[in-house]
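Trainee: In this note's numbering, the protein residues as written are 3 to 154.
Quick reminder that beta carbons are idealized off the backbone N, C-alpha and C, glycines included.
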Amino acid sequence: MKTSFERIFGYLLLIKAVFLALMIISVSALSILYLVSYELTIGWWILAPLLLPGLVLTLAFRSRIDAGKIETWTPPIFYLESVYTIVISIMFFAGPMHDIALVFGSHGRFPALGLDGTMPIINHITVPLTLFLPPLIYGLYFFVYTRKRGGS
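1. Would you identify the three-state DSSP class for E8, choosing helix, strand or coil?
2. For L142, tell me which candidate among L133, I79 and N125 has the shortest Cα-Cα distance.
3. Take the Cβ of L14 as the centre, count every other Cβ of all protein chains shown within 10 Å, and call the residue buried at 16 or more, exposed below.
4. Are the CB atoms of R64 and T76 within a distance shorter than 8 Å?
5. Taking M93 as the reference, give the member of R151, L53, I72 and T5 with the closest Cα.
6. What does the alpha-carbon distance come out to for the pair K150 and P137?
7. May I have the straight-line CA-CA distance separating T74 from V85, to the nearest angstrom?
8. For the putative contact between W46 and P98, defined by C-beta atoms under 8 Å, what is the C-beta separation to the nearest angstrom?
9. Rounded to a whole number of angstroms, what is the C-alpha to C-alpha distance between T5 and L35?
10. What is the C-beta distance between V29 and A50, in whole angstroms, given that I count them as a contact (C-beta under 8 Å)?
11. Could you compute how far the alpha carbon of T87 sits from the alpha carbon of R9?
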């Protein structure tokens with residue numbers, strides 16, 4: 003029987019995987035759009051393979067937790083993958099997200115400063131942290147909890 007900690011962590015990992023998949027699909031679609039319509043290449047396509055390890059490892063961690071098999075190497079690899087995913091997603095929100103928004107007719111750039119000189123809360127740094135920091139923090143809590151409990 004799975005505990006509520008395992009279920010919540012599984013859901014957080016699933017949400018993380020969905021966001022990573024959407025980011026990979028959007029970068030791939032943007033790269034194809036640029037290739038077909040503008041006949042020029044930009045370097046955003048490289049983010050799709052860079053985001054792929056985050057997606058694969060997130061799904062692997064979820065399956066390991068569902069199976070109840072948490073080895074000693076799982077927490078450090080999870081933390082490294084989470085930090086890696088945050089760094090790559092900051093690159094995604096700073097670059098291709100702007101171009102994707104322009105395709106849909108939006109200004110597309112997270113504002114650096116408002117017209118009145120204030121700094122907005124939502125920008126290319128806070129969005130990835132909002133998406134991917136909760137699984138990292140809950141993962142820390144989850145792995146400490148399972149270690150104190152004697153493992154899964």
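Mentor: Quick look at the numbers:
1. The residue given as residue 8 occupies position 6 in the sequence shown. Helix.
2. Looking up residue 142 in the sequence shown gives position 140. Of the listed residues, the one whose Cα sits closest to L142 is I79.
3. Within the sequence shown, numbered from 1, the residue matching residue 14 stands at position 12. Sixteen is the threshold: when 16 or more other Cβ atoms of the shown chains lie within 10 Å of the Cβ of L14, as they do, the residue is buried.
4. For this step, residue 76 is matched to residue 74 along the sequence shown. For this step, residue 64 is matched to residue 62 along the sequence shown. No.
5. On the sequence shown, residue 93 is found 91 positions in, with the first residue counted as 1. Nearest option by C-alpha distance: L53.
6. What you label residue 150 is simply residue 148 of the sequence shown in a count that begins at 1. What you label residue 137 is simply residue 135 of the sequence shown in a count that begins at 1. Spanning the two alpha carbons is a distance of roughly 19 Å.
7. Counting from one through the sequence shown, the residue named residue 74 turns up at place 72. Counting from one through the sequence shown, the residue named residue 85 turns up at place 83. About 19 Å.
8. The residue you call residue 46 lines up with position 44 of the sequence shown. The residue you call residue 98 lines up with position 96 of the sequence shown. Correct: roughly 4 Å between the Cβ atoms.
9. On the sequence shown, position 3 is the one that residue 5 refers to. On the sequence shown, position 33 is the one that residue 35 refers to. The straight-line gap from Cα to Cα measures roughly 45 Å.
10. Translated into the one-based positions of the sequence shown, residue 29 becomes position 27. Translated into the one-based positions of the sequence shown, residue 50 becomes position 48. At roughly 5 Å, the Cβ-Cβ gap stays under 8 Å, so V29 and A50 are in contact.
11. In the sequence shown, counting from the first residue as 1, residue 87 sits at position 85. In the sequence shown, counting from the first residue as 1, residue 9 sits at position 7. Going from the Cα of T87 to the Cα of R9 covers about 22 Å.
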